[in-house]
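First up is the structure itself, then whatever we jot down about it.
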Amino acid sequence: MGDEADVTITVKERGWRSLHVGATTDGNDEAGNQEWLSSYNEKIRAGSISISDYEGVHDLSLNVGWRDLLPRRDSKIPTAYRASPSILAEAMPSTKTSVRYVFTDDSRDNVVYPTAGGLFKTEIAGLVGDVKFVKAEVEGQKHIGVGPIVYKMPILNLSLSYHIGTVKSYGSEQHRPARISDRFFLGGPMNVRGFNHKGIGPRASPLDGGVAQGDALGGDVSYHGTASLGFPVPLSLFAVS
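For the sequence shown, UniProt numbering gives the first residue as 1, with consecutive numbering after it.
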């Protein structure tokens with residue numbers, strides 16, 4: 001079950017860039033179901049207020065959330081858990097308040113099937129609450145058309161992309177890694193194709209009682225790059241007049 005409410009206000013003032021002011025609240029008990037990968041479920045209640053310019057280049061938001069991590073229970077012994085000690089150590093509720101800034105420079109000719117242009121995005125978040133960390137991410141894309149133009153599109157498209165991220169605990173939590181909810185995970189079609197979701201990175205031992213391949217634990221530093229060569233589909237050929 002879940003509930004969600006969104007409010008968006010557009011503010012336009014002469015002599016100033018147009019601003020979007022929005023507020024969202026969201027709650028969903030099933031949003032953090034990770035039993036098949038890391039032997040836990042996560043209940044989440046969250047809300048945010050954001051301000052962005054009309055072009056979407058700058059986005060500043062205040063995010064408040066409550067998370068409760070629940071280890072997977074044994075199907076035969078209700079009072080026992082089937083999770084690794086690393087997951088059991090994370091089994092506690094936490095509150096997180098973050099101020100998040102995102103800068104986006106997008107010159108792609110098409111967001112879904114780009115054949116030219118680039119994308120640069122950087123995100124910095126600083127946290128207060130009972131979890132304390134600073135998190136930064138940078139990602140970029142470059143798309144280059146290759147070969148002759150057919151149906152107003154190059155016959156091949158070379159795409160290069162990268163992502164770099166790091167998270168660092170501070171204050172009372174400076175001597176421990178970031179909470180598992182805030183770490184980086186790699187693998188799957190959304191970042192590194194050819195690997196299972198969360199299939200790259202630190203794992204608990206398969207002998208520790210979690211999933212068969214060992215619970216995915218995530219990391220405090222993440223980096224990956226991809227290169228691909230594809231061909232665009234001329235959708236105009238399938239258009240119906």
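A virtual CB, placed ideally from N, CA and C, is assigned to each residue, including glycine.
Residue nearest to T122 within the set Q34, R100 and I44 is R100 (criterion: CA-CA distance). Here A216 has L37, S38, K198 and R203 as same chain residues with Cβ atoms under 6 Å from its own Cβ, once five neighbours each way along the sequence are excluded. In the three-state reduction of the DSSP assignment, P177 falls in the coil class, being assigned neither a helical nor a strand state. Of the residues A83, S98, S48 and A46, the one whose Cα lies closest to the Cα of Q34 is A83. Counting only residues of its own chain and dropping the five nearest sequence neighbours on each side, P93 has a CB closer than 6 Å to the CB of D68. The Cβ-Cβ distance between G210 and I87 falls below 8 Å. A distance below 8 Å between beta-carbons, with the five flanking residues on each side excluded, links L156 to the following residues of its chain, in chain order: G145, V146, G147, L229, G230 and F231.
Taking the C-beta atoms as reference points, K135 is found nearer than 8 Å to A125. Contact between V57 and F103 holds, since their C-beta atoms are separated by about 7 Å, short of 8 Å.
Residues T115, A116 and G117 of the same chain have their beta carbon placed closer than 7 Å to that of D109, with the five preceding and five following residues left out of the count.
Beta-carbon to beta-carbon, L160 and A89 are separated by about 39 Å, too far to satisfy the 8 Å threshold.
Looking at the DSSP output, P154 shares a beta bridge with I149. In the three-state scheme derived from DSSP, where H, G and I count as helix and E and B as strand, L229 is classed as strand. Within the segment 72-146, the beta strand (DSSP E) runs of at least 3 residues that lie entirely inside it are, in chain order, 93-106 and 117-129. A212 has no beta-bridge partner at all, per DSSP.
In the DSSP assignment, E42 falls outside any alpha helix (DSSP H) and within the unbroken beta strand (DSSP E) covering Y40 to D53.
Its Cα nearest to that of G165, the residue S222 stands out among G140, S222, S52 and V150. Put simply, of P206, S169, A212 and E173 the residue whose alpha carbon is nearest the alpha carbon of D220 is S169. Burial check for L186: the Cβ neighbour count within 10 Å reaches 16 or more, so the residue is buried. Judged by DSSP in its simplified three-state form, L217 adopts coil rather than helix or strand. Across the set I77, A46, G201 and N63, the C-alpha of G201 shows the shortest separation from the C-alpha of R183. Residue pairing of W66 in beta bridges, as defined by DSSP: R45 and T95.
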